[in-house]
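Notes follow once the structure below has been shown.
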Amino acid sequence: MKNKLIFVLVLFFLVFISFYYGGLVKKNVLLVNDTVLEKFYGIKDAITEFFSKHFDQVDQIEQLKARNQELEYAAVLTTSFANQLNRILE
Numbered sequence: 025m026k027n028k029l030i031f032v033l034v035l036f037f038l039v040f041i042s043f044y045y046g047g048l049v050k051k052n053v054l055l056v057n058d059t060v061l062e063k064f065y066g067i068k069d070a071i072t073e074f075f076s077k078h079f080d081q082v083d084q085i086e087q088l089k090a091r092n093q094e095l096e097y098a099a100v101l102t103t104s105f106a107n108q109l110n111r112i113l114e
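Position one of the sequence shown corresponds to residue 25 (my numbering), numbered consecutively onward.
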C-alpha cells in the first residue's frame, strides 16, 4: 500500500510539474522557433534582393548601351553636319 501511495504521489508531482512548467517550456521553445524563422526569412529576403538587384543592373546596362549607341550616332551626325556647314560658310 505504501508503494502505491508513493507511486501516486510521484505521479501527481510529475503531472503538476508538467502542467506548471509546460507553459514556460512551450513559450521558450516557441520564442527560439520564432527567432530562427525570422533569421531564415531575413536571409532568404537578402539573397532574393541581391539577385534581383544584380539582374536589374544587367537590364539597366543593356538599356544604357543601347542609349549610348543612339547618342554616338547622333554625335556623328552632328559632327558631320557641323563640318558641312563650315565648308558651306567658307
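Glycine included, each C-beta is placed from N, C-alpha and C at the ideal position. Fair warning: this is a prediction, and the values are worked out from it, not measured in the lab.
Secondary structure at Glu86: helix, using DSSP grouped into helix, strand and coil.
Across the structure, Phe40 and Ile30 are spaced so that their CA atoms are roughly 15 Å apart.
If you draw a straight line from the Cα of Tyr97 to the Cα of Glu86, it comes to about 17 Å. In the displayed model, Glu73 falls within a helix according to three-state DSSP.
Here the alpha carbons of Leu48 and Leu55 stand approximately 10 Å from one another.
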